[in-house]
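Asks:
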Amino acid sequence: MRPVQGMKLWRRLGRLPVLPPPPRNKKGKPHDHARKKAPHESSSNPYKLTRHGRVGTCSNCKKEGHNKTRCPDPSVPPPPKRPRGRPKKNQGESSQGGASQGGDSQAGSSQVGASQSSQGRFGFSS
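Just so we're aligned: the sequence shown equals residues -1 to 124 in our numbering.
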């Protein structure tokens, strides 16, 4: 047997071209067509909601309808952040409070410190 160079070199017979076989009905119960899903329905997860109809808020100017990348006023400075944790006492207030009380506050604090030191680290007497 000799190899053929390609379809261009095949002999022309003048017959009709070979057609594919006609489609046949498949055995078994026919499947119903699935309904078309609405735009807000997800095709992959039925429990996951979409963001359809939501209005976004800009994190820069706090206005609705756009986000930070498309903000028309990008020069808005962010509001100052409050410090986290317990607010610290000012040194001026503590010294003024101690001066107004006089010697009574110092004597009371020394008595409290003495009773705490005798109790130990966790408040139990040893």
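Here a beta-carbon is modelled for each residue, glycine too, at the ideal position from N, C-alpha and C.
If we call anything under 9 angstroms between Cβ atoms a contact, is N58 one with D71?
Replies: Yes, they are a contact pair.
Asks: If you draw a straight line from the alpha carbon of G63 to that of G26, how long is it in whole angstroms?
Replies: Approximately 53 angstroms between the Cα atoms of the pair.
Asks: Cβ atoms of C56 and P66: under 9 angstroms apart, would you say?
Replies: According to the sequence shown, residue 66 is Lys rather than Pro. Yes; because the gap between Cβ atoms is below 9 angstroms, this pair is in contact.
Asks: I'd like the list of long-range same chain contacts for K86, defined as Cβ closer than 7 angstroms, with 5 residues on each side in sequence excluded.
Replies: Result list for K86: empty, nothing under 7 angstroms.
Asks: Might you give, ordered along the chain, the residues of its own chain that have their beta carbon closer than 6 angstroms to the beta carbon of H31, omitting 5 neighbours on each side?
Replies: Here the set comprises nothing.
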